[in-house]
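Q:
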Amino acid sequence: MKLKKIASLALAGIMAVSMLAGCDGSSSSKPTEPDVNPVDSSLANYVNSELDAKYTNILKLSADSTLDSALSKAAAMIDENELKATSTDWITKGSAIQNSFIEMVKADTCDFDDFANTTKDTVVADLIIVPGNFTEDGMKDQVVTMMKGIINTRNMPTDGTSGGKTYNYTYNGSIAVVKVESNSGEYSAYVVGLVVDQTVKEVVTGGV
Numbered sequence: 358m359k360l361k362k363i364a365s366l367a368l369a370g371i372m373a374v375s376m377l378a379g380c381d382g383s384s385s386s387k388p389t390e391p392d393v394n395p396v397d398s399s400l401a402n403y404v405n406s407e408l409d410a411k412y413t414n415i416l417k418l419s420a421d422s423t424l425d426s427a428l429s430k431a432a433a434m435i436d437e438n439e440l441k442a443t444s445t446d447w448i449t450k451g452s453a454i455q456n457s458f459i460e461m462v463k464a465d466t467c468d469f470d471d472f473a474n475t476t477k478d479t480v481v482a483d484l485i486i487v488p489g490n491f492t493e494d495g496m497k498d499q500v501v502t503m504m505k506g507i508i509n510t511r512n513m514p515t516d517g518t519s520g521g522k523t524y525n526y527t528y529n530g531s532i533a534v535v536k537v538e539s540n541s542g543e544y545s546a547y548v549v550g551l552v553v554d555q556t557v558k559e560v561v562t563g564g565v
């Protein structure tokens, strides 16, 4: 009888440990990240070719491997609600993915208004969300439209003044895109990363 009782207690102990292990495993599990896939790297060339000179005289875009890497990492943090987007727009301001992206590309801000009347070089970075039901060509056209809305002398002035001094501004930018799909496969979106560098040069007049 004693042997049976000992065996019974031992079995109960094993089951309890097993159940605890199961609980521990489920509580420590983390949701898997969404699928992030690269898209055709010709986006920069396509956008440049579709923009008139009034845009490209202000800003020309290029591909950049550092941006590619940062975008892929940031896109993995996207909130599923962003993947449900039904229209093309900028990422939600202040979102975790936006803040992480800005930090990864070492930008100063996401606000293009910060280019105005500045006295020092400034880097602006932001993300565009394009609904995943667009084809890659359709996505590119959506990006062109967004660029036409942002590339102008109001957002990217060619000169400015501060403290009685005048400054000239020039710009160069890089752009990249990935496609992100939710874990369920139900939602997807293109995530476009844009980084614009402003170079500031003081205008010196007169002289000896």
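Residue numbers (the numbering used here): 358 to 565.
Heads up, the beta-carbon is just placed ideally off N, CA and C, and yes, glycines get one too.
Just so you know, these numbers come straight off a predicted model, no measurement behind them.
#1: What span of residues does the beta strand (DSSP E) with Lys522 cover, start to end?
#2: Does DSSP put Gln559 in a helix, in a strand, or in coil?
#3: One question on the structure: do Ile485 and Val549 come within less than 7 Å of each other, judged by their Cβ atoms?
#4: Is the CB-CB distance between Ala431 and Ser457 below 7 Å?
#5: Return helix, strand or coil for Ala433, following the three-state DSSP convention.
#6: Ignore the nearest five residues each way along the sequence and tell me which others in Asn474's own chain have a CB closer than 7 Å to its CB.
#7: Taking only three categories from DSSP, how would you classify Ala482?
#8: Looking at Val481: is its Cβ nearer than 7 Å to the Cβ of Val553?
#9: My output table needs one value for Leu416: the three-state DSSP class, helix, strand or coil.
#10: Leaving out the 5 sequence neighbours to the left and right, which residues in its chain are closer than 6 Å to Lys533 when beta-carbon positions are compared?
#11: Three-state secondary structure (DSSP) at Thr515?
#12: Pull up the distance between the alpha-carbon of Thr466 and that of Asp483, whole angstroms please.
#13: Just the Cα atoms here: how many angstroms apart are Tyr442 and Gln499?
#14: Going by C-alpha to C-alpha distance, which of Asp397, Val393, Lys497 and Asn405 sits closest to Ile508?
#15: Could you tell me whether the Cβ atoms of Ser539 and Leu400 are closer together than 7 Å?
#16: Among the candidates Ala453, Thr449, Thr527 and Pro488, whose CA atom is the shortest distance from the CA of Tyr544?
#17: Give the DSSP-derived three-state secondary structure of Thr423 in the structure shown.
#18: Thinking just about the alpha-carbon of each residue, which of Val396, Trp447 and Asp392 is nearest to the one in Thr492?
#19: Do Val557 and Lys477 count as a contact pair if the criterion is CB distance below 7 Å?
#20: Where does Tyr544 fall in DSSP's three states?
#21: Give the C-beta separation of Ala546 and Val560 to the nearest angstrom, bearing in mind that I take them to be a contact with Cβ-Cβ under 8 Å.
#22: For Asn438, I'd like the list of residues in its chain whose CB is within less than 7 Å of its CB, leaving aside the five on either flank, ordered along the chain.
A: To lay it out plainly:
#1: Taking the sequence shown and counting its residues from 1, the one referred to as residue 522 is at position 165. Its beta strand (DSSP E) spans residues Lys522 to Glu538.
#2: As a first step, residue 559 must be located in the sequence shown, where it is residue number 202. The sequence as given places Glu at residue 559; Gln does not occur at that position. Of the three classes helix, strand and coil, the one that applies to Glu559 here is strand, per DSSP.
#3: Position 128 of the sequence shown, counting from 1, holds the residue named residue 485. Position 192 of the sequence shown, counting from 1, holds the residue named residue 549. It is a contact, given that the beta carbons lie within the stated cut-off.
#4: Start at 1 with the first residue of the sequence shown, and residue 431 comes out as number 74. Start at 1 with the first residue of the sequence shown, and residue 457 comes out as number 100. Contact flag set, yes.
#5: Translated into positions along the sequence shown, residue 433 becomes position 76. Note: Ala433 maps to coil in three-state DSSP.
#6: As a working note, residue 474 is residue 117 in the sequence shown. Taken in chain order, the residues that qualify are Gly517, Thr518 and Ser519.
#7: Indexing the sequence shown from 1 puts residue 482 at position 125. Three-state DSSP puts Ala482 in a strand.
#8: Position 124 of the sequence shown, counted from the first residue, corresponds to residue 481. Position 196 of the sequence shown, counted from the first residue, corresponds to residue 553. In this structure, Val553 lies closer than 7 Å to Val481 by Cβ.
#9: Along the sequence shown, read from residue 1 onward, the residue named residue 416 stands at position 59. Coil, per DSSP.
#10: Sequence index remark: in the sequence shown, residue 533 carries index 176 (1-based). First, the amino acid is wrong: residue 533 is Ala here, not Lys. So the qualifying residues of the chain are Leu424, Asp425, Leu428 and Gly550.
#11: Position 158 of the sequence shown holds residue 515. The answer is coil: DSSP assigns Thr515 none of H, G, I, E or B.
#12: The count along the sequence shown starts at 1 and reaches residue 466 at position 109. The count along the sequence shown starts at 1 and reaches residue 483 at position 126. Distance between the alpha carbons of Thr466 and Asp483 is about 8 Å.
#13: Counting from one through the sequence shown, the residue named residue 442 turns up at place 85. Counting from one through the sequence shown, the residue named residue 499 turns up at place 142. The amino acid occupying residue 442 in the given sequence is Ala; Tyr does not appear at that position. If you take the alpha carbons of Ala442 and Gln499, they lie about 14 Å apart.
#14: Residue mapping note: residue 508 aligns to position 151 of the sequence shown, counting from 1. Comparing Cα-Cα distances from Ile508 to each of Asp397, Val393, Lys497 and Asn405, the minimum goes to Asn405.
#15: Along the sequence shown, read from residue 1 onward, the residue named residue 539 stands at position 182. Along the sequence shown, read from residue 1 onward, the residue named residue 400 stands at position 43. It is not a contact, given that the beta carbons lie outside the stated cut-off.
#16: On the sequence shown, position 187 is the one that residue 544 refers to. The candidate whose alpha carbon is nearest that of Tyr544 is Pro488.
#17: The sequence position of residue 423 within the sequence shown is 66, counting from 1. Helix, per DSSP.
#18: Here residue 492 refers to the residue found at position 135 of the sequence shown. Among Val396, Trp447 and Asp392, the Cα nearest to that of Thr492 belongs to Val396.
#19: For this step, residue 477 is matched to residue 120 along the sequence shown. For this step, residue 557 is matched to residue 200 along the sequence shown. A contact, by the Cβ cut-off of 7 Å.
#20: Counting from one through the sequence shown, the residue named residue 544 turns up at place 187. In the structure shown, Tyr544 sits in coil (DSSP, three-state: anything other than H, G, I, E or B).
#21: Along the sequence shown, one-based indexing puts residue 546 at 189. Along the sequence shown, one-based indexing puts residue 560 at 203. At roughly 43 Å, the Cβ-Cβ gap does not stay under 8 Å, so Ala546 and Val560 are not in contact.
#22: Mapped onto the sequence shown, residue 438 falls at position 81. So the list is empty, once near-sequence residues are dropped.
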